[in-house]
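Below is one structure, written out as structure tokens, with a few remarks after it.
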Amino acid sequence: AVGTIASRGTEEINAKGKLVTPGFVDIHTHYDAQAVWDDHLAPSSWHGVTTAVMGNCGVGFAPCKPGDREKLIELMEGVEDIPGAVMHEGLRWEWESFAEYLAALDRRSRDIDVCALLPHAAVRVFVMGERAIHLENANQGDIAQMREITRQAIEDGAFGFSTSRSLSHKTLKGDPTPTLRAQEDELAGIAMGLRDAGSGMLEVVSEWAPDPDAEFRMLRRVVEASGRPAVFTLTQRHSRPEVWRDLMRYADKAIGEGVNMRPVVAPRAIGVLLGLTGSQNPFSGAPSYRAIADLPLAERVQRMRDPAFRAQLLYEDPKKESTFPLFHRLQFDQMFRFGDGNYAPRKEDSLAAIAARDGRLPQEVAYDALLEDDGKAFIYTPLGNYAYYDFTVSETLLDNRNTIMGLGDGGAHVAFILDAGYQTWLLTYWGREKQRWSVPELVRRLTSDTAHAAGLHDRGVIAVGKKADVNVIDFDRLGCDKPYIVHDLPAGGKRLMQKVHGYDATIVSGQVTFRDGEATGVLPGRLVRGGRVQ
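Following this line, the structure appears as structure tokens:
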């Protein structure tokens with residue numbers, strides 16, 4: 002309840018001196034698979050998130066014909082690093098259409114609410130079959146079908162449509178995402194499906210290559226014709242460290258001219274955690290490491306401490322048998338010992354810099370770093386927003402009121418990226434440590450701003466008539482522990498997790514789901530259907 006209350010509550014939480022916020026809304030997650038089998042959408046739910054939008058980056062599991070299931074699993078395995086064995090065991094495939102997928106989601110209660118976007122890759126494969134896999138252009142009949150599927154999905158409850166134009170999005174075999182070369186007429190036809198339904202947003206991830214200006218102008222034409230809002234991921238690519246400025250300028254101009262195209266940005270570097278316990282490390286593709294990769298950790302560490310094994314592995318090409326699509330972006334001058342969770346390492350602390358000072362090879366320093374803490378240590382490798390070894394890019398993007406907070410990727414990259422706790426980090430680093438922005442401003446970025454961007458107008462604020470999603474936070478105590486690996490996914494799959502402290506209570510739909518960081522067992526979270534939220 003809000004205001005002066007005369008009666009007593011059935012349960013009362015002492016929030017004196019605490020930070021009380023609306024529940025956080027995360028608009029960029031990938032819980033499409035996990036939401037099918039899991040009641041607890043951690044790590045997001047541990048960090049005050051009460052609503053998650055999934056189905057981003059054009060990948061997902063519906064619509065899907067029975068014969069195409071393996072194609073979508075292979076794509077999700079490569080793009081979002083969710084092991085195929087996990088999906089094979091966890092997905093029950095109770096659907097073919099997107100409406101049936103939503104119905105399957107609706108049958109399960111969770112600790113947070115979920116919303117779903119319609120993924121382009123699934124739609125394209127559903128309509129075009131092998132022609133989609135081979136990146137053929139859609140014909141007018143294909144486009145008409147995709148437009149109708151989109152319209153129907155929005156009416157059934159999708160919050161929008163997502164697509165990927167990223168060269169980094171590949172299967173483990175190296176095949177690109179089926180949507181990579183989708184032409185303007187295809188994207189426009191799909192966007193018109195949003196217009197036909199009168200609801201929904203377009204979510205885009207793009208490489209912005211070879212011509213960022215031409216790519217943005219094409220997408221702007223699509224958005225203008227549809228009349229629907231769009232969001233797109235915006236980070237600094239280290240290979241082209243200044244392109245983000247052009248894209249931000251294009252977005253500011255479009256928004257100023259009434260075309261709603263808002264960038265989704267991250268509060269820090271986008272980074273991977275490389276380690277022997279995770280799914281990737283700098284030597285994952287070396288033949289000698291591949292031969293021991295499935296051994297228990299203690300045995301692997303013992304083998305790697307053998308001087309002869311060390312010499313052999315360091316001699317080999319670490320890329321030779323790698324299935325990691327981002328391996329080419331791993332550079333020793335952007336690798337750092339992670340320790341207890343250092344997301345802001347200095348250039349002089351890179352493995353390359355240490356090697357230069359010690360007169361050693363960078364690979365030797367990396368090898369030894371992996372063996373620290375009995376093989377449980379991580380090497381942190383920023384892949385975006387850290388070309389200049391500081392947070393200037395993130396700070397500049399956060400300072401722009403046209404940007405939207407996001408890119409935590411909860412549910413994806415489960416054993417080498419852990420950014421889904423960015424809400425906690427944002428508040429502690431930018432709000433408490435640096436005091437760069439006021440805490441109310443940062444809370445707004447995590448709540449009403451993201452809720453409105455997704456079309457969730459019933460939440461994101463604490464007010465009479467709005468949804469009772471609330472966090473009670475001990476701000477002085479708020480923080481994260483260092484990441485660790487657990488094996489709790491279907492088929493014994495592993496993922497990175499990170500304990501958090503300082504959340505005294507998280508409330509979803511008026512019910513306490515977490516108290517002092519521990520789940521209460523109450524599951525009020527439901528599927529939220531788009532177009533029905535006022």
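Residue numbers (my numbering): 2 to 535.
Note that CB positions come from ideal geometry on N, CA and C, so glycine has one too.
Under the three-state reduction of DSSP, Asp27 is assigned to strand. If the five residues before and after Glu187 are omitted, its C-beta is found closer than 6 Å to the C-beta atoms of Ala139 and Ile144, all from its own chain and listed in chain order. Residues Val366 of the same chain have their beta carbon placed closer than 7 Å to that of Ile355, with the five preceding and five following residues left out of the count. Closest in C-alpha terms to Trp94, from the list Val80, Val115, Leu118 and Asp69, comes Asp69. Shortest Cα-Cα distance from Asp341 to any of Thr234, Gln332, Ser395 and Leu274 involves Leu274. The Cβ atoms of Leu277 and Leu371 sit closer than 8 Å to each other.
Distance between Val415 and Arg9, taken at the CA atoms: about 43 Å. Its Cα nearest to that of Gly407, the residue Gly422 stands out among Glu317, Thr393, Gly422 and Phe417. For Thr52, the closest C-alpha among the options Leu76, Val473 and Ala455 is that of Ala455.
Inclusion of Met262 and Ala231 in the CB contact set at 8 Å is warranted, their separation being smaller than that value. In terms of Cβ geometry, Ile83 and Val265 do not form a close pair [threshold 8 Å]. In this structure, DSSP gives Glu204 an extended state, which the three-state scheme calls strand. Nearest to Asp334 by alpha-carbon distance, out of Ala345, Asp410, Pro363 and Tyr102, is Pro363. With contacts defined by Cβ atoms closer than 8 Å, Leu479 and Thr429 form a contacting pair. The Cβ neighbour count for Leu296, taken over all protein chains shown within 10 Å, is under 16; the residue is labelled exposed. One alpha carbon belongs to Arg433, the other to Val440, and they sit about 8 Å apart. In the three-state scheme derived from DSSP, where H, G and I count as helix and E and B as strand, Thr382 is classed as strand. Taking 8 Å as the cut-off, the Cβ atoms of Leu119 and Thr151 count as close. Taken in chain order, the complete beta strand (DSSP E) segments of 3 residues or longer contained in the segment 12–81 are 20–23, 25–27 and 50–55. Between the beta-carbon of Tyr368 and that of Arg311 there is about 7 Å, and that keeps the pair under the 8 Å contact cut.
Considered as a whole, the segment 355–425 harbours 363–371 and 393–399 as its complete alpha helix (DSSP H) runs of no fewer than 4 residues, in chain order. Contact check for Met202 against Phe160 passes: the beta carbons are separated by less than 8 Å. In this structure Asn15 is exposed. Its beta-carbon is surrounded by fewer than 16 other beta-carbon atoms within 10 angstroms. Judged by beta-carbon spacing, Gly531 lies within the 8 Å limit of Cys116, meaning their Cβ atoms are closer than that value. Note that the segment 512–519 does not touch the segment 483–495; fewer than 3 beta-carbon pairs, one per stretch, sit closer than 8 Å. Residue pairing by DSSP places Pro268 opposite no residue, since no beta bridge is assigned to it.
Pro67 and Ala123 have their C-alpha atoms spaced approximately 12 Å apart. Inclusion of Val473 and Lys19 in the CB contact set at 8 Å is warranted, their separation being smaller than that value. Sorting Gly228, Leu352 and Ala378 by C-alpha distance to the C-alpha of Val302 places Ala378 at the top. A residue is called buried when at least 16 other Cβ atoms come within 10 angstroms of its Cβ; Gln281 meets this threshold and is buried. Contact annotation, Ser98 with Ala63: C-beta distance approximately 7 Å; criterion of less than 8 Å satisfied.
Counting along the chain, Val513 sits inside no alpha helix (DSSP H); it lies in the beta strand (DSSP E) bounded by residues Gln512 to Arg516.
Arg166 places its beta carbon 8 Å or farther from that of Val128. Asp33 places its beta carbon 8 Å or farther from that of Gly409.
Annotation for Ser165: the continuous beta strand (DSSP E) segment containing it runs Gly161 to Arg166.
Taking the Cβ atoms as the reference, Asp157 lies roughly 20 Å from Ser110, outside the contact range of under 8 Å.
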